[in-house]
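The structure under discussion appears below in the form of structure tokens.
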Amino acid sequence: MPTNRETSEFLHRTCHDLRAPLRAIRAHSELLQKHLRNGAPADNIEQSLGFILEGARKADLLIDGLAAYSTALQIEPNSFQPTRLDVMLRSTLAKLQSAIHAASAEVTYGELPRVQGNSDRLAQLFELLIRNSLDHRGPEPPRVHISAAPQTDSGWTISVKDNGPGVESTDLESIFRPFEKLHGKGAGLGLATSRAIVQAHGGKIWADATPDGFMIHFTLPSDRRL
Numbered sequence: 345m346p347t348n349r350e351t352s353e354f355l356h357r358t359c360h361d362l363r364a365p366l367r368a369i370r371a372h373s374e375l376l377q378k379h380l381r382n383g384a385p386a387d388n389i390e391q392s393l394g395f396i397l398e399g400a401r402k403a404d405l406l407i408d409g410l411a412a413y414s415t416a417l418q419i420e421p422n423s424f425q426p427t428r429l430d431v432m433l434r435s436t437l438a439k440l441q442s443a444i445h446a447a448s449a450e451v452t453y454g455e456l457p458r459v460q461g462n463s464d465r466l467a468q469l470f471e472l473l474i475r476n477s478l479d480h481r482g483p484e485p486p487r488v489h490i491s492a493a494p495q496t497d498s499g500w501t502i503s504v505k506d507n508g509p510g511v512e513s514t515d516l517e518s519i520f521r522p523f524e525k526l527h528g529k530g531a532g533l534g535l536a537t538s539r540a541i542v543q544a545h546g547g548k549i550w551a552d553a554t555p556d557g558f559m560i561h562f563t564l565p566s567d568r569r570l
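Per the working numbering, numbering through the sequence shown is continuous, rising by one, with the last residue being 570.
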């Protein structure tokens, strides 16, 4: 669970990041009001509306990210059940089909295990990691591969590899902190939410840079009834 200091820093960053688009909405709404009062050209009105819509989009994106992060912090161990990752992943890929098609992406996976966990949050985890690969892609169409390897302690390591530009070795830990946006995209909460989900399952998550892309690994407990 987050410490008081971490919670305080999180709330401070939340206020800071939410205040920026709201200020833009207010400023351009006031400007739009002035344009309408003075009979300004249509181009001026259109520009102000564009800034207002962009501010609303950013605020909405941040609120969605906060809602997902909040949900990930409230996972109860008694909600865990045997979950087939291959079945769950196929459902997630169907949900992401439009985004995958729009990015001309290819998502493949090897043999995946049955684990013990909250199926809804694990589906959210895969969706977040695949979206991360689609959003932070390089010049080539995204190629994402998901694999699993057994651990000696009866758990599993799941790996998500893509052909994106990767991350500097000095940033491999910081990308999992809330509001970190190395490429200036999104709300900066996707990987933080992913970490919260994995930690709630008693696992750990980390990233590796590879010569031809980027990898994220995380551990999950196996279904002990196997």
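We put the CB at the ideal spot given by N, CA and C, even for glycine.
Run through DSSP, which three-state label would residue i get?
i	result
Leu-570	Since pLDDT at Leu-570 reaches only 44, below the 50 mark, its modelled position is unreliable, and the value read off the structure follows with that caveat. DSSP places Leu-570 in coil when its eight states are reduced to three.
Lys-548	coil
His-561	strand
Arg-363	helix
Arg-487	strand
Gln-391	helix
Ala-553	strand
Gln-425	strand
Leu-375	helix
Gly-534	helix
Glu-420	coil
Ala-384	coil
Rounded to the nearest angstrom, how far is the Cβ of residue i from that of residue j, given a contact under 8 Å?
i	j	result
His-561	Thr-514	Going by Cβ atoms, the distance from His-561 to Thr-514 rounds to 19 Å, so no, they are not a contact pair.
Gly-399	Phe-424	About 40 Å separates the two Cβ atoms, so there is no contact after all.
Phe-395	His-379	Not a contact, Cβ separation roughly 12 Å.
Leu-296	Ile-444	In the structure as shown, the chain begins at 345 and stops at 570. Residue 296 is therefore absent and cannot be evaluated.
Glu-471	Leu-440	6 Å
Give the range of the beta strand (DSSP E) segment to which residue i is assigned.
i	result
Val-344	Nothing about residue 344 can be reported from this structure: the residues present for the chain run from 345 to 570 only.
For chain D, find out if any of its Cβ atoms is closer than 8 Å to the Cβ of residue i; answer yes or no.
i	result
Thr-427	No chain D appears in this structure, which consists of one protein chain only.
Can you tell which of the options has the C-alpha that lies nearest to the C-alpha of residue i?
i	options	result
Glu-512	Thr-554, Arg-487, Ser-498 and Ala-536	Thr-554
Ser-435	Val-451, Ala-493 and Ala-551	Val-451
Val-542	Asp-497, Pro-421, Asp-404 and Asp-361	Pro-421
His-360	Ser-498, Phe-523, Ser-442 and Tyr-413	Phe-523
Ala-540	Glu-455, His-480 and Thr-415	Thr-415
Ala-403	Leu-362, Leu-433, Met-432 and Leu-417	Leu-362
Secondary structure, alpha helix (DSSP H): runs of 4+ residues fully inside the region 441 to 524: The qualifying runs are 441 to 446 and 463 to 479.
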